[in-house]
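Written below as structure tokens is the structure these notes are about.
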Amino acid sequence: MQPKLKSKVRCADREIGEVTNVIVDPLSHEISHIVVSMNGSGERQVAMGQVQAVTDNFVELRSSSSEIVALPPFKRDEYVTTHEVEIPHLEENIHVSPGEVLVPFPELEKSVKRRTFFMNLTNVIGFLIGLPIAFPVLRYLMKPMYQPFDNDWLKIGNIGKIKQEDIGVQFKYKKKVKEAYMPESEIEKNVWMLKATPTVLNQVYQGKDMEFRDAAGKTVWTNKKDIPYVAFSGKCPHLGCGFKWRKHKVLGQVFLCPCHLSIYDASGKVLDGPAPRPLDALPIRVSAGGEVEIIDMEFKAGTKAQIRII
Amino acid sequence: MQQATPTSSEATALEKVIAFVDERVGLKTLQAKMLNEPVPGGSRWAYIFGSVLLFIFIMQAVTGILLMFYYVPTADHAYASTQYIIHEVDYGWFLLSYHFWGSTAMVICVFAHMSQVFLWGAYKKPRELIWLVGLALFGIVMGFGFTGYLLPWDQRAYWATTVGVEIMDKTPLLGDFMARFLKGGPTPGQMTLSRFFVIHVMILPAALMGLAGLHLFLFRTAGPAGPFRGSPEELKAKTDYFFPRQIWKDIVGMVTVFLTICVMAFWEPVVLLEEATPDPGDYHPEPEWYFLFLFQLLRLKMFSGEFGQFVGAMALPGAFMALLAALPFIDRDPERNIFKRPIALIGWIVVMTAILIFTVSAIINREFLD
Chain A
1308 MQPKLKSKVR CADREIGEVT NVIVDPLSHE ISHIVVSMNG SGERQVAMGQ
1358 VQAVTDNFVE LRSSSSEIVA LPPFKRDEYV TTHEVEIPHL EENIHVSPGE
1408 VLVPFPELEK SVKRRTFFMN LTNVIGFLIG LPIAFPVLRY LMKPMYQPFD
1458 NDWLKIGNIG KIKQEDIGVQ FKYKKKVKEA YMPESEIEKN VWMLKATPTV
1508 LNQVYQGKDM EFRDAAGKTV WTNKKDIPYV AFSGKCPHLG CGFKWRKHKV
1558 LGQVFLCPCH LSIYDASGKV LDGPAPRPLD ALPIRVSAGG EVEIIDMEFK
1608 AGTKAQIRII
Chain B
644 MQQATPTSSE ATALEKVIAF VDERVGLKTL QAKMLNEPVP GGSRWAYIFG
694 SVLLFIFIMQ AVTGILLMFY YVPTADHAYA STQYIIHEVD YGWFLLSYHF
744 WGSTAMVICV FAHMSQVFLW GAYKKPRELI WLVGLALFGI VMGFGFTGYL
794 LPWDQRAYWA TTVGVEIMDK TPLLGDFMAR FLKGGPTPGQ MTLSRFFVIH
844 VMILPAALMG LAGLHLFLFR TAGPAGPFRG SPEELKAKTD YFFPRQIWKD
894 IVGMVTVFLT ICVMAFWEPV VLLEEATPDP GDYHPEPEWY FLFLFQLLRL
944 KMFSGEFGQF VGAMALPGAF MALLAALPFI DRDPERNIFK RPIALIGWIV
994 VMTAILIFTV SAIINREFLD
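This is the structure:
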């Protein structure tokens, strides 16, 4: 029978207290000691060899009470509870209840000072492993994020396609893209072309030539304010969907984006809906034969200012 | 001829194997701990959503892994490989459609689960951390929906991503970086597809598994909240274990969800649009249905312009999520009965009605666009 917690402890001569803890050997899972609390006059650690008999409510010791009192006081610091160490299958061998089962704190551990220091040092070393790879990882992932602007002229069709003034006409074109390791591919894009009457043209250019710059801020091209052909980027300045030339019940012929219902007039001015700025006019040049070329720029959507991203 | 009939004292081979494992890892104790969880006030149908979500996730993982056997995440093959799954591979259409409708079921059950916890007041002390981890899981489920939508690389996929990432771009300070980081460049392309693929099949599943484990651990540590009415004696009298009554209800829920997803997959299988391209053609971009209310919200005049858009796309949803996260710390009243928490009840009704109205108006708006 195993000693129970709270059992009274009887010496050869008299009762001296009760069991407050049992101490377990972490390897054999046997109870090696009991801790006896002597009714307020301290605790003593008594080896199981001293125990003569264990009954339901009593633990009887061989020694006399004076021998037990003469033992050194119980050093609680040298033990950890079974909740604080991982000892598999312990509960199958120890049938103690209720209260704490103690196991000795290993000798080698007792001599280790600065436990907090070692804990922190471990964290610091972990951090030092992570730190030098954080930047390379970030750079690794950032590789394709920023690319130089493409200022090449792109043929998109012939102005012969435009039959009426101030009417949006979609010009579809294919653009060759080479992305990272991928083979060069063609993507379909579109711009909305307009042959503008002087009134509408004035609304687009506000009486000034329109300049386009590269990343360094150098002027790449200037749209002259009196050239009647205007090309609007196919990307809606609200959140980047594709808009269309549509008949609106109240507003007549307009550019309408089906996503969030931004509506623009022929000059690109916002008539209704959530768009923060007018449509983006692109650099355009028209050859003598009527071939239209544009620089395929794209601007960030959702901003009041025009911020170029391609 | 003598036949060896095992007597009751003689263990079968299977029992021996089980005993062998049990001796070493305590299988039976583990099983008992899993099943013998007292449910205060007894099992209820309202409690099934957590288990159902776990079931849906497992099925999403299984169908997702199967889809990856054929799917190729490159801009020039994603569309073709998805079409191949739909039209050529035996039962490919079914697995893909199951995965698609499973995601819808997941979102519906997440809403139900969160509503149940909210209405029952189960987020209150000591369950604040379960609620917070749950919110993170909600974000992950939405992330799954957003990233998975791009993978078929059709027009629907391309435009939902284009608009979604443009919205992310509006985050103060970090927006431009975050949007480019996700896109892997200035505009959506191969790098975007690669990134969304990695996020969808590696990062989010790992995050979901970890957080769902934590969610369950915290739930088991705090214990189920139980009903919001009834005296301790009444609750005690009705209390039963997780097994068998609650598990039975959970299983019925799982079977119902499974059959519903199967029926939807048969009835409305996934059909792709044209391959993705920066020219939308006749397609009118629209996000997945559970983002429709947000989509419709951004159409409002009050959310126009750069600032209005920031309010509608960032500040409002951000403030709402922050409010949900702060909820257990603001609402410290231990009262859990929803009928004695008028602000909570009205708040829930208002939010749900608003989501419903905006979703329906987005659907009605479709007609006027054609």
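Line by line, the protein sequences are chains A and B.
Counting in the numbering used here, the first sequence runs from 1308 upward without gaps.
Counting in the numbering used here, the second sequence runs from 644 upward without gaps.
Ideal Cβ placement from N, Cα and C applies to all residues, glycine included.
Under the three-state reduction of DSSP output, W891 (chain B) falls in the helix class.
Residue contact with chain B for K1576 (chain A): absent (no Cβ-Cβ distance below 8 Å to any residue of chain B). Contact of P1451 (chain A) with chain B is assigned, a C-beta pair being separated by under 8 Å. Per DSSP, the unbroken beta strand (DSSP E) holding V1476 (chain A) starts and ends at 1476-1484. Proximity of P1455 (chain A) to chain B, defined by a Cβ-Cβ separation below 8 Å, is not satisfied. From the beta-carbon of A1487 (chain A), the residues of chain B found nearer than 7 Å are Q833, M834. In this structure, K1417 (chain A) sits away from E1393 (chain A), with a CB-CB distance that is not shorter than 8 Å. Within the stretch 1323-1406 of chain A, the complete alpha helix (DSSP H) runs of at least 4 residues fall at 1372-1376, 1397-1400. In the structure shown, V898 (chain B) adopts helical secondary structure according to DSSP, grouped into three states. Chain A has no Cβ within less than 8 Å of the Cβ of G856 (chain B). Rounded to whole angstroms, the Cβ separation of C752 (chain B) and V682 (chain B) is 19 Å, and the two are not in contact under 8 Å. Nearest C-alpha to A919 (chain B) among B:Y801, B:A748, B:R979: B:Y801. Below the 9 Å Cβ cutoff, chain B contributes P921, D922, P923 as neighbours of G1541 (chain A), in chain order.
Of the candidates A:L1334, A:P1310, A:N1346, A:P1310 places its Cα closest to the Cα of N1364 (chain A). Under the three-state reduction of DSSP, A969 (chain B) is assigned to helix. Bounds of any beta strand (DSSP E) do not take in A822 (chain B); it lies within the alpha helix (DSSP H) bounded by 818-826.
In this structure, DSSP gives H1555 (chain A) an extended state, which the three-state scheme calls strand.
In the same chain as A1582 (chain A), and ignoring 5 residues on each side of it, the C-beta atoms closer than 6 Å to its own belong to P1544, H1545, S1569, in chain order. It is roughly 14 Å from the alpha-carbon of W744 (chain B) to the alpha-carbon of V784 (chain B). F963 (chain B) and A956 (chain B) have their C-alpha atoms roughly 12 Å apart. Of all residues in the stretch 1499-1533 of chain A, none comes within less than 8 Å of chain B when Cβ atoms are compared. Between the alpha carbons of S1339 (chain A) and M1345 (chain A) lies a gap of roughly 19 Å. DSSP, read as helix, strand or coil, puts S1004 (chain B) in helix. For the stretch 845-873 of chain B, there are no residues whose beta carbon sits under 8 Å from a beta carbon of chain A. Excluding five sequence positions before and after T882 (chain B), the CB atoms of its chain that fall closer than 7 Å to its own CB belong to P681, V682, P683, G684, G685, given in chain order. For G866 (chain B), the secondary structure class from DSSP, reduced to helix, strand or coil, is coil. Residues of the stretch 1338-1366 of chain A with a Cβ closer than 7 Å to any Cβ of chain B: none.
Taken through DSSP and simplified to helix, strand or coil, A855 (chain B) comes out as helix.
Contact check for F1412 (chain A) against V1387 (chain A) passes: the beta carbons are separated by less than 8 Å. The three-state secondary structure of S694 (chain B), taken from DSSP, is helix.
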